[in-house]
Each structure stands twice: as structure tokens, then as C-alpha cells.
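All remarks here apply to the structure that follows.
There are 2 protein chains.
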Amino acid sequence: MNSQQNEIRFQPDGIRISVGNGTTILEAAQRAGIVLNSFCGGVGTCDKCLVELQSQAKPVKACQYHITGDLVVTIPDSSRFFEQKILEEGITGTAKLDPSVRKHYLELTPPSLDDLRSDDRRLIDAVHESAKQSVEAVEPDISVEADQIDATGKSGAVGKSCERDEIALTIDRDLLGKLPGVLRENNFQVTAVCNDDRVFAVEPGDTSGELFGVAVDVGTTTVVANLVDLNSGKTVAVASGTNPQVTYGDDVISRIQHSRDKPDGLEQLHRQIIGCLNELVRETSQKAGIAAEAVYELVAAGNATMQHLVLGVPVVQIAEAPYVSAFSAAINASAQQLGLKINPHGNVYVMPSVAAHVGGDTVAVTLSAAMRHSSSINMALDIGTNGEIVLGNRDRLLTCSTAAGPAFEGARIRQGMRGATGAIERVHINDDVEIAVIGGGQAAGICGSGLIDALAELLNAGVIEPSGKLLSGDDLPENIPATIRRRVIEVEGRPAFVLAEKDQAKQDEPITLTQKDIREVQLGKGAIYAGMVTLMHVLEIEPDQISRLYLAGAFGNYIRPESARRIGLLPNIELSRIQPIGNAAGTGAREVLLSRLARKHAKELSVEMEYVELAGRADFQDIFGSSMMFPKP
Amino acid sequence: MNSQQNEIRFQPDGIRISVGNGTTILEAAQRAGIVLNSFCGGVGTCDKCLVELQSQAKPVKACQYHITGDLVVTIPDSSRFFEQKILEEGITGTAKLDPSVRKHYLELTPPSLDDLRSDDRRLIDAVHESAKQSVEAVEPDISVEADQIDATGKSGAVGKSCERDEIALTIDRDLLGKLPGVLRENNFQVTAVCNDDRVFAVEPGDTSGELFGVAVDVGTTTVVANLVDLNSGKTVAVASGTNPQVTYGDDVISRIQHSRDKPDGLEQLHRQIIGCLNELVRETSQKAGIAAEAVYELVAAGNATMQHLVLGVPVVQIAEAPYVSAFSAAINASAQQLGLKINPHGNVYVMPSVAAHVGGDTVAVTLSAAMRHSSSINMALDIGTNGEIVLGNRDRLLTCSTAAGPAFEGARIRQGMRGATGAIERVHINDDVEIAVIGGGQAAGICGSGLIDALAELLNAGVIEPSGKLLSGDDLPENIPATIRRRVIEVEGRPAFVLAEKDQAKQDEPITLTQKDIREVQLGKGAIYAGMVTLMHVLEIEPDQISRLYLAGAFGNYIRPESARRIGLLPNIELSRIQPIGNAAGTGAREVLLSRLARKHAKELSVEMEYVELAGRADFQDIFGSSMMFPKP
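Chains as they are written, first to last, in the numbering used here: chain A, 249 to 881; chain B, 249 to 881.
Structure below.
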């Protein structure tokens, strides 16, 4: 573990990232938001993560290649998890590029005595005709929609747009007022923008090349926006920012309290998140060199509270027993009415959700992992302040939410911090403690993945007992070398383990793991584990029946599955079956932005998924009690 | 013809009207807006207009009973034209009471650990359940919808509401913000208001009894509003007012010019008609003793220009060759956005239209006369400044618009006036001239029906030649008695005929018919006649193949068909086949308000009706030239 930073560039994505020496290409790709296959658990046996390096003639395994210098890495679709998924499962929501928002450049015949159609009918007829031609051009048979597979998931197929139900295509009233003028001032050459069953804008000339959407993962802490070219399906810019609502507290409960306790609290929170979305739209469009007006749709996926706040809908009932949402259906809203600065006629689509504690982000994760189309049973886990779990297959999907606690996000950990520069993200104990620090400099704290690593290593070393007790002095096993032994010190009267010595020059205190920190992790991992076991009970399956365990979200991306399994955060499943799937909520939101079929699947998913309320279950309480222990070696 | 006024009260409508001695009950009913059957043309042979008088045991024929005193008249459904129509044609748009707007009173189960549905899902599930129960209660088999006939057209059937497409029922975003509060403040007992596929309001407690709509005939001159109870289908109040846009001119052209010439002209006209609609809503709701907020939908039928102005959509292209509308589809708009003071969540439905000169009012007329469902060929004529004509049957429907000119509305006639108090409305020539004046007092001018009567009688007497020349002095036939002969005077150097002597005490001048007045009528009736003949040419039929000629609108109601036929305004069709159908545009608008099936039919009609542009046709020009002559006796 060396602090030298290397510049890695991924192609064809065009994403750059800096990583320390020794990092594998698989890990680097994950941090860049690119999810590679790792069916063997990253041990180098499945050959599914092959990538090409500019410097080498033959492909290399991304999981086995340790970075020691700058690289340009080209990743074929066959090594990408979501693209591979399509081949594997045979059907997914992303089979076709078929966004809700479409553009049609039209050269209309001006009215004459022989053709006295009204402006609206003239326009709608032409849109129908244009849509029909696109379908005929690329898609001779459109009847196979739901079952046909597009191997790449990214073909240029433009079909099944506004024409699906000819009679239903309407023109927005607001547009009618402008229609006669726009047509006549532009010699009847205009671009119609339509959204499913309505034409909502008509633009002068040919603007059909400018058609973008934004898929946003609205996290309680971090908001990530993907600007997507709806003509090609490609992400053209990514930006993320801190949710400005954090000024009212880290977790959803504190936000809900603010909305309840201040007269304009709800409006404040609403305006803040809209402001954040506006900033991300501005940033991504600037990066991509497009106008924000060329963005016609924003898809928002988040937990129920965030989704309510995006729309400005009251949230108090989410925090009061028995905890219900104001809405769980997918909501379409006017961008303009929400004050969202995309095209003023643009649409905001908020993902459908399952329950007050299983939001649209979980639906998006489930969608992107194609769990609904799988015959084998899979499990998905998304850890944040809460841990949402989904378990099942195409026959039945269960979901629950556990109060994971903020430990894995660095909160309530004495020197905890988020996975930012200075955070210890990896811990290895051999003769002494080796750490990796994000950014490669001096350690400033410890983040979730470092915490799990540290616990796993200390459990293996025997410094921590299965009960969670941090041993000290004579209690420590005899075989522990002095290099480790001297790291057990006392902080505030209780044992603590020094992960990074203090830098004398800078007068920092050492970075330690305290007994209290360990207890916090036990609470969080116990709740998550108990949630997973409870769902397995309900589905009447054993862990070995789980074909694959997907780890979603930034956290799932950074932890070492081996360590997570060691501390009992994950059940005892073969490593080869544990697959980090990155920002799967964002991926699901992007699918929904790009495919009406995916949108339909999301809606169906949200209704079909069975919510298991853990609070009311005796078995959950029992399992939780015993789950706080760490597994024996 | 006597000027004594009698008070007639029609039951069960509850409408009162004052008429002069000698008026038939048929005529009185027409003026009250109630259309009776007159299959024999009012000659007393068909027995289809039987009504009951309080004073008589046996029913009397409305067409044969001449009023000589106050009366209470009860009209059975079997004598009413539109109700009879349903029996006759077997199918119409009014088969079922099935308004777009529905209410469901719901007593929701509050959320619990066993039932954690979100507020929106809880509400939608309950609406579905409520809708299903209503259907089951009154309508065991809902699959026959389009073909089943409801003999009364007014049964209390409440069915096929929001539940038609379960998956599509959504909740308005605006409502979501209020939903959690409204539910919890009202112990989950609320009334959901839905419109087809969306729930757009949720009201505290049970308000299901308060559900009203307004059907409006938006005329260029007069606007008539019917407030309808959507639970019973009954009209509960009627009000009419002058279209305030008349300050910018009598006809649509002058309105369009105003919109073009003034920077805010369009907005002015829009605001004026919205103001007028608001006044009529206020007046009708006051009469009925309900709150304007209990009105959830307004259906507007008018010519294309009026419909554009209701929505504030530009109209200049309607007046510029080749004359097209901005829209012809049916438009749904937010009442609140339009500034219409009904329920703020209410909907404004603007009728679909056919062409720039065949508006939603003509579609409404065609709908209410059930022409689309008739196997026999019928013709409808609606005379205003323009004359819209519809001809055909269920196989094919043609329509055109002719510039009738303003003569029949009293404009460009020297002493012309609208059909108001003081207008000569009937003229009969025997030994001398007998006139009937509206209101029974001194004649102040002549209205359209009086004009047609006068011309017909003077043609019969030989005072006017078929060329239209008004004879005077020695040119008059010898057999004309002195009582008539002395009425031919000179006005502004040309012959004129005195219809009413001047009242010396009041220094009024006599009411005369001038040569120029006659020419104006010739122009108008020639255009209408030529339009009718052109449509017959296109359909390749002769007048005797027309099963029925419907006269729509106030004018059609007041004229004597015999006189109209005599002057060649109407083709030579048996009187028994000519049927005034009253404010058929308003009736059509009411049907659309009350029945989603009618709404569907209107939409289909507007697309199916073939617009025949007369301006481009040589045959029309030829016929027009010869049509200005009066038929020989």
C-alpha cells in the first residue's frame, strides 16, 4: 500500500480517476462508477472482467492487475456488469433505447384550399407519420417489444414513440397559444417534442439533435446526476454534490423534524433540493457544452423522504407510526412548476416506491439488477443510514428496511468520516498494520470500508473477541506481535486500537478504533444481517440458495466483501457470488429515463414487491439479538 | 294576433315564459328552450307532441292548442324531441348518465402495521372499490356500453367511472401536497373527485351530493349556460348573457381584427369571454343555491373563433386565407389557469371542431341530433352570421359553412333588430297586414323571423316579384286591396313596405321593409341555399331523399318553416320533415358533460365529418347566382 497516485482513464466512457499504487483495475473502475463483472469474486478465475490496456497487446483481468502507473483502460461491453446482465438474464428493462421524450423534425406542408387541416391536426398527423417512419426504418417487427432482446442494450433503435396509441396523442393547451406563430414564422419547419401521449413543445427549425435527460440519484447525503443524450443513450456528463439539506441534519429523521417544527420548513427543504438539482443540471450541461433547455426530462430516484421533498409533499407521516408515505406511485410533474431549470416544458419523473422505508432508489436498484426477470434467487443490499434489502426472483420479491445506523457512513464513529481524501479505506494486518488512505496522504479518519476491514483484521488477529470486546494488556493472545500489541492504548478510559500513528509535526492525535466504535458497528451490521435472515425466513430459503448477492451504492462498491462477510455484515456466501453493482439506483434511474419499457417495469415492480415490516416481527427481534455478535473464525 | 300576454309554466322543467294570445304551446315551448316533436310539421296529424294541461283531463296537441290564458303545461318525455330521438334511432350519445367527473365518498381504513399502504395507493384502491360497487349495484353487465339503450336517457346509472383502466388512475401532483393532511384531519373520511383517469381533488367528509357541471353554448352574440346536476343529469339553472366581446364588433371577423390590431387584443377578448363565463356560473349557481366550487367541469361549444378565445389561442390565421384553426381537437384545460371561477381543480372541456368555419357548436348540433347514428339521410342547418350545414347519415357526413350575412340577425336591415321585446316576429297578410310583436307592445323593429314571414307573405300577395323587386304604384297587381296597396311608400327615394304604422303620439316612424332590406335577405338566403344544394351534389342526392331537416339555434326555433321554404331559404321539403331542434349546440354540450360516450362520439364525429370548402367550388358559385332569386309561387 503506497501513497503514489496514478491517473487512470477509462474508455470509451472518458472518465478519469486517480488511485493509489496497488489498487486493482476492478477497484478503480468501481470508484469511477463503472461496474465490471466479478463472478469469481475478484479472485481471477472467471475471466469475465477482461479489459484492454493501451500498452499491452493482450487483454488483462481487471481484478488481477495492480496499478503501478498511469493507464488508459478500454472496457468492452462484455465485461460490464449491466450489459453482461442482459445477455445472462435474457431480458431486462433496458432492452431498447426508447425514451419517453422524443423529438420529430417536421417539414409540414403549409395549409392550402386542398388541405385545410388545423395546426394541431397537421402537426399530430406529421408526428405520427415521422414516428411510423422511424419504426419502419429500424424495426420491421414491433410486436415483440417485451420479449425481444437487444444484445447491446444500446442500439440506436428509435421506435414505439408517440405513435403507440394514435388517438391519444394530444397537444398541451399552453402550446396551442404559440403554435400558429411558431409554424408560420418558421415556414412550417419545426421540431415537435413529445412525451408519450402529448406534444408539449414545438421548436423552430431542426433541433432533433439536442435531446437530453438527467437521471438523478437523490441521496440523503449525496446527490449524483447523470446527463444522458437521449438520442444515443450515452451518459455525456456526471456531477455530484452534497444534499444541501444536510444543514438540517444528517439523516431523514432530522429533515422530517425540521419540516414539522418550522412553519416553512417543508418549503425550505423542497427549495434546497430543487436548488441542488438545478446546480447539477447547470454543471453537467456546462461540462457537456449544451443548454439546460435541451434537457427535457429529469428522473429522480431516492428514498421516500427525498422523493417527497423533491415534490414538496409533506413528510411528517413518514416519521410517525405506523410510518406511511403520501405517495408510492410514480409521479410526473411539471419542471417549471417545481422551479427546476431544465426545458420549461420538461417533465420530472419521480420513481415509484414500495413503502415509507423502501423508496424509489430501491426500486431502481431492483430494476437495474434485473431481479424481477431472474429465475434464480438473488439478493440486493443497499447500505446507507438505512439498509434496504431485496430478496427473490421473478416469482416473488420481498423487501425490507433496517435501521443500519450511521456507523458505515462514518457518523457516531469517534474518528469516522465519509469516504473522502484522508479516510482510511483499507486495513491489512500482517506483522504490523498496513493502511490505505484515500488521496494517499496523511490519515485524517476512517470511513466505512476501512472500519469493516479493520474489524475483520482485528477479529482474525484475535484482538477483538467475537463478543466485540477489544482486548488489552494481558487479555491479548500471546501470539500477537509487539508491533500490534503496542497499538492498543486507552482513549477516554477504555481500550482503543491505533490504526495510524499521530504525525508529530502536525500535532494530530492518532487515528484509533474505540470500543464504542465497535459497538456501533455491531448494532448496524446486526440489524442488516437480521433483516437479510428474516427475508430468507419469509421466503423459506437458506443462504446457499442465494445465487448472487448484489451490493449497491457507494458503500457496497468500496467495502471488501471478504471483510464484510468476516464481521457478519453479509451472510456466509461464497465470495464469487457477491457482486458490487455500483450506483445501481442511478443506473435504474437512467434505464427509466431511456426506456419506457423500463418505466413500465419499475411501476409493476413497485406494486409487486412485498414489503416486510420488521418492526412487527418477533423473529426479527430474536435474530437481531444474536446477530450483533461477530462470527467465530 | 293579440297583444295580451299569458304566463305559461312548463313542468317538470319549472320554466316560465310569457307569450301573446294565439301562440301555440309548441311555439311557446320552443321559446322556452324545450324542443317538442313536430314530425308532421305542426299541422296536427302526427300526435307526437301531446302535452298535459292542469285544467284538462285529456292530453292536447301542443301544435294545435292556441294559448288564450295562463297555463301550467306538463310535457312527458315521449313528446320531447331529444328523448324521443333515443327511442327512434336506437342509439345516441346520451344512452347513459356517465359524466367524466365523479365523486366517491370514502371511509378509508387508517394505516396500521398490517396495512402500510401509502396515502395515494390507499385512496386509489378505495376509489376503484367504490366505483366497482356502483357498477355492480346498478349495472350487472357493463360490456354492452356502446350498444345498450337507456330508454329514458336519464336513468341514475352510475358506472364505468375511474375504474375503467385501473392501472391508469393517478393522483394530481398538486393534490399530493394536501393529501396527508386532509386524510388525517378528517379521520380518513373524505370524498375523492376524479376525472376519467385521475383523482384531482379530495374533500373533507361526504360531499358526493354536490357535483355540478356547466354546459355553455358560446355564441358570438349570446352565451347560454346550463348548470347541470351531474348526479341526476338534470339542468338545475339556466342563464344567458351578451358576449361582452360585442364591444369590438358584431361578428367574428371584427373580433379577429381586434386581436390582430391591438397588442393585447387577444388577451382582452380572452379575458372578456372568461369574465362572461364567470358571470354565468355565478348567476346559475346562485339560482340553484349552490357554491361555484361545486362546479367541477365546464363544457364550451362555440364556433372556432369563440373556442379559440375561450382558451386565449391566437385567431388571426382563421381570418387569413386559406383560413385554418390553431386546433380542432377537443382541449382540456385547467379552470384555474384560465381564471375560470368554478372549483379550482375543475376542468374546462372545449368541444372538438371540424374546420375554421365549422366549430364545436356544429359538432354539438350533429351529436345532439344523432345524425351519425341514423341510417336515413338528414340535414342540419344552424343559421347565425354564418350558416353551418351538415348533411348525411352514419355512412358519410358532409359539412360546410356559408356566409349567411347578418340579415337574419337584424343587422344591415334598416329597422332590423334581434328577437327582443318590440320586434315584429310574425307577419300575416290577408285583407290587411297582421303582425305579432314580441312582448305585445308597440313595434320597434323587425327581427329575422318577422323578416322571413313578411317576405313570404309579400311574395304570395304579389307585392314582391321573384326577382326580389318590390312593386309600387301601377306595377302592383290589380287584385291587391287598397289596405295593402297604401302601405307601399317611398323611403330614401325607393319603394318600401309599411309593416307597422307610426304611432302619432310617440312620433315614431313607421316600421318598413325596404328594397335594400330585401336584397340583403336575398344574399343571405342565397348563400345558405347554395351551400345546401352543393352538399346534396357532393352526396349525390335530391331534396326528397332528405328524411329530416333540423333547424338548430334560436333562429331555427323562431322562424316559420313554411315561410322559410317559401322564400327559398330552405329547399322544397315537406313541412312535416322540417324540425326545429332548439339550442342543439347547448344540448350537445350538455350531452358531452353528462356522458363520456357522447364525448367519445363528439371526438370521432369531428374527425369523420368531411368539410366541403365552398370557396373553391365552381358549382357553388353557379348555384349561388341563381339562388338569390325567390321561388315562383
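All C-beta atoms, glycine included, are put in the ideal place defined by N, C-alpha and C. All values reported here derive from a predicted model rather than from experimental measurement.
Next on the checklist: I'd like the span of the beta strand (DSSP E) that includes P452 of chain A, first residue to last.
Outcome noted: R446 to P452
Next on the checklist: Going by beta-carbon coordinates alone, are R814 of chain A and A704 of chain A separated by less than 8 Å?
Outcome noted: yes
Checklist entry - Within the chosen definition, does the segment 772-787 of chain A reach the segment 864-876 of chain A through at least 3 CB pairs nearer than 8 Å? => result yes
Checklist entry - Cβ of V308 of chain B within 8 Å of Cβ of V299 of chain B? => result yes
Next on the checklist: Using CA atoms only, rank isn't needed, just tell me which of B:T553, B:V529 and B:G537 is closest to L546 of chain B.
Outcome noted: B:V529
Checklist entry - Roughly how many whole angstroms lie between the Cα atoms of V746 of chain A and A655 of chain A? => result 18 Å
Next on the checklist: Between V450 of chain A and V438 of chain A, how many whole angstroms is the CB-CB distance? I'm expecting something under 8 Å.
Outcome noted: 5 Å
Next on the checklist: Considering only their Cβ atoms, is the gap separating C297 of chain A from L284 of chain A smaller than 8 Å?
Outcome noted: yes
Item to check | Which residues DSSP lists as bridging E377 of chain B, in chain order | outcome: Bridge partners of E377 of chain B: none, in fact.
Checklist entry - Going along the chain, which residues of its own chain have a beta-carbon closer than 6 Å to the beta-carbon of R847 of chain B, five neighbours each way excluded? => result V840
Checklist entry - Going by alpha carbons, who is nearest to E531 of chain A out of A:A276, A:R503, A:K589 and A:Q493? => result A:K589
Checklist entry - How is the alpha helix (DSSP H) around K351 of chain A delimited, first residue to last? => result No alpha helix (DSSP H) contains K351 of chain A, which is instead part of the beta strand (DSSP E) from V349 to E355.
Checklist entry - Can you tell me the Cα-Cα spacing of R421 of chain B and I821 of chain B, whole angstroms? => result 57 Å
Checklist entry - Looking at chain B, which residues of the segment 255-289 of chain A have a Cβ within less than 9 Å of any of its Cβ atoms? => result none
Next on the checklist: If the cut-off is 9 Å on Cβ atoms, which residues from the segment 569-585 of chain B count as contacting chain A, listed in chain order?
Outcome noted: A569, P570, Y571, V572, S573, A574, F575, S576, A577, A578, I579, N580, A581, S582 and Q585
Item to check | Cα-Cα separation, G830 of chain A to V564 of chain B | outcome: 57 Å
Next on the checklist: For N580 of chain B, tell me which candidate among A:G635, A:S720, A:Q302 and A:T418 has the shortest Cα-Cα distance.
Outcome noted: A:T418
Checklist entry - Hey, how far is the Cα of M619 of chain A from the Cα of P828 of chain A? => result 15 Å
Item to check | Local Cβ density within 10 Å of T316 of chain B, reported as buried at 16 or more and exposed below that | outcome: exposed
Checklist entry - DSSP puts Q253 of chain B in a beta bridge; with which residues? => result B:G268
Item to check | Runs of beta strand (DSSP E) lying entirely within the segment 506-556 of chain A, each at least 3 residues, in chain order | outcome: 543-550
Item to check | Chain-ordered chain B contacts of I419 of chain A [CB-CB under 9 Å] | outcome: F575, A577 and I579
Item to check | Nearest-angstrom Cβ-Cβ length linking N591 of chain B and Y544 of chain B, presumed shorter than 8 Å | outcome: 5 Å
Next on the checklist: For a test of the three-state rule: what should DSSP assign to S391 of chain A, helix, strand or coil?
Outcome noted: Because S391 of chain A carries a pLDDT of 30, less than 50, the predicted location of this residue cannot be relied on, and the following value inherits that uncertainty. Three-state DSSP puts S391 of chain A in coil, outside helix and strand.
Checklist entry - If we call anything under 8 Å between Cβ atoms a contact, is L853 of chain B one with T614 of chain B? => result yes
Next on the checklist: Can you pull the chain B neighbours of P452 of chain A, defined as C-beta to C-beta under 7 Å?
Outcome noted: Residues of chain B passing the Cβ test: none, with the nearest at roughly 16 Å.
Item to check | Interface flag, R365 of chain B vs chain A, CB-CB below 8 Å | outcome: yes
Item to check | Residue-level contact to chain A via CB, S327 of chain B, 8 Å cutoff | outcome: no
Checklist entry - What does a CB cutoff of less than 6 Å around D362 of chain A pick up in its chain, not counting 5 residues either side in sequence? => result none
Next on the checklist: Check whether chain A comes within 8 Å of G560 of chain B, counting only Cβ atoms and requiring the distance to be less than that.
Outcome noted: yes
Item to check | Neighbourhood of A659 of chain A by C-beta, 7 Å cutoff - its chain only, sequence neighbours within 5 removed | outcome: D498
Checklist entry - Between Q565 of chain B and chain A, is there a C-beta pair that is closer than 8 Å? => result yes
Item to check | Outcome for V855 of chain A when other beta-carbon atoms lying within 10 angstroms are tallied against a minimum of 16 | outcome: exposed
Next on the checklist: If distances are taken between C-alpha atoms only, which option among A:Q869, A:L699 and A:T490 comes closest to K764 of chain A?
Outcome noted: A:L699
Checklist entry - Would E861 of chain B count as contacting chain A if we go by Cβ distances under 8 Å? => result yes
Next on the checklist: By the DSSP assignment, the alpha helix (DSSP H) with F872 of chain A in it spans what residues?
Outcome noted: A866 to S875
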